[in-house]
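The next block holds one structure in the form of structure tokens; read it before the comments.
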Amino acid sequence: MVKITSRFIRVGLVAAMLGFSGCRSEPQKRTTPEAGASESKDQRAAPTDVGLSVLKSDVKTFGETADGRQVRLYSLQNANGLKADIMTYGAIVVSLQTPDRDGRMDDIVLGYDNLQDYIKNSPYFGAIVGRYGNRIAKGKFTLDGAEYTLATNNNANHLHGGVKGFDKVVWGDDPVWKDDAVGVKLSYLSKDGEEGYPGNLKATVTYLLTNKNELRIEYEATTDKATPVNLTHHGYFNLAGAESDILGHVLMLNADRFTPVDEGLIPTGELTPVKGTPMDFLKPTPIGARINETYEQLKFGGGYDHNWVLNKRGKGMTLAARVYEPTTGRVMEIRTMEPGIQFYSGNFLDGTITGKEGKVYKHRWGFCVETQHYPDSPNKPDFPSTILRPGEKYETVTTYRFSTK
Ligand code: BGC
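Residue numbers are given in the working numbering: position 48 of the sequence shown equals residue 35, and the series is strictly consecutive.
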């Protein structure tokens, strides 16, 4: 049975009575697993009958891991009715519902209906990947004169944090309420030596669903030893609601250059101009328009699976990508503080996964747009550094904004 705490009721009811879109509260702190305290079994929820002009947040148990860890699912709703379900296992966005041009809501991310399927077999559906998103060649790097060996899980290479990355752990959780957004702050302590990385890394990822129709992701981390850090969100989007492949989605990438790779998808270290190649998405172009062209980089990736070098001025938020889905009119705009974006066209999806509502995810049924530092940066001194040192704070923000046209 779902228990409702008085605080959440008060916040929701006051908001409903005043009819304003948004409410402020300082809900009770949740206990995070790394604090060592026992997990309380209570669940809290905002009332579900307060109408659409208020932010809503509801939390329930989604399942349990094999070692008995309870996994919670936050259901967030903004004042315009957009919904995001986020669970504490893998910091995964389980569903994201946005309207099409006729106001019809649909879930625009791939994933599963239940926790066990995520645990059994997930190609990082909707997860936060870390400690290092994407590949580190041979799982090795040298830092301050010491060589480190990481877990390898992608042929000879290290991918998305290793065998048990941030996508496969249970995060601590705190609900977040702001004037114009509702969310959840997830926290994870990655211990010194985990998957071979140096230093205790305290990471937090705050998901906010804002009344500007954005999913905003704020990443923070600190460490007690120098370590590479590169966190990103691995959502698989299909703006038409996963009824067909994503080849008709029209993509713009704000990047004059990309980082070409070898056969193992490790960057060569060059920054190559996109001009005159199928990698040029400066002008909005359907994803499928050139994906089968004879071009070595597309052959290596089995399609698009590359990092683009974003055109940026300074460290602030930059428009990185815009995706338009013509049949539904949905538009997603991505802004980020990161210098790069991995555009992956779902090449490894092959129809062997049956996801939410029994939908079979066939070849290129979803795409990922992962804001990040460039792959293999710890071995590429000319790439922007990914090293976080004690006393420094890793802070980066990415937003996904939804609209229609
Ligand atoms: C990588 C792909 C990989 C996929 C995993 C992407 O970020 O670039 O190469 O296969 O994640 O599902």
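Backbone N, C-alpha and C define an ideal beta-carbon position, used for all residues, glycine too.
A contact is defined here as three or more CB-CB pairs under 8 angstroms, and the region 200 to 207 fails this definition with respect to the region 90 to 99.
Apart from the 5 residues on each side of it in sequence, Thr219 sits with its Cβ closer than 7 angstroms to the Cβ of Val116, Gly120, Glu357, Thr358 and Gln359 in its chain, given in chain order. For Tyr111, the CB falls within less than 7 angstroms of some heavy atom of ligand 1. Spanning the alpha carbons of Asp232 and Gly338 requires a straight line of approximately 11 angstroms. Within a 10 Å sphere around the beta-carbon of Thr383 sit 16 or more other beta-carbons, which makes this residue buried.
In its chain, beyond the 5 residues on either side, Ala138, Asn140 and Glu182 have a beta carbon closer than 7 angstroms to the beta carbon of Val150. The DSSP-derived three-state label of Ala168 is strand. For Ile95, no alpha helix (DSSP H) segment is defined, and its DSSP state is neither H nor E. Excluding sequence positions up to five before and after Asn198, its CB lies within less than 8 angstroms of the CB of Ser8, Gly9, Leu42, Asn65, Ala66, Asn67, Asp167 and Ala168, all in the same chain and listed in chain order. At the C-beta level, Leu188 and Val171 stay beyond 8 angstroms of one another. Runs of the beta strand (DSSP E) spanning 3 or more residues and lying entirely within the region 231 to 293 occur at 237 to 240 and 244 to 246, in chain order.
Sequence-distant partners of Glu134 (beyond 5 residues in either direction) whose C-beta falls short of 7 angstroms from its own C-beta, in its chain, are Lys127. Note that the C-beta distance between Gly235 and Pro273 is below 8 angstroms. By alpha-carbon distance to Asn241, the top candidate from Trp158, Lys262 and Asp54 is Lys262. Within the same chain, Cβ atoms closer than 8 angstroms to the Cβ of His221 are found at Tyr111, Phe112, Gly113, Ala114, Ile115, Val116, Gly120, His147, Asp154, Cys355 and Glu357, the five residues on either side in sequence being excluded. Remark: three or more beta-carbon pairs, one from each stretch, lie closer than 8 angstroms, so the region 288 to 300 and the region 328 to 346 are flagged as touching. In the three-state reduction of the DSSP assignment, Gly303 falls in the coil class. Ranked by Cα distance from Ala53, the options Val157, Thr214 and Asn298 are led by Val157. Taking 7 angstroms as the cut-off, one finds at least one heavy atom of ligand 1 near enough to the beta carbon of Gln329.
Relative to ligand 1, the nearest heavy atom lies less than 7 angstroms away from the CB of Glu357.
Secondary structure at Gly159: strand, using DSSP grouped into helix, strand and coil.
Taking non-hydrogen atoms of ligand 1 into account, the C-beta of His221 is found less than 7 angstroms away from one of them.
With respect to Tyr175, Gly159 sits close: the two C-beta atoms are nearer than 8 angstroms.
The Cβ atoms of Lys107 and Ala229 do not sit closer than 8 angstroms to each other.
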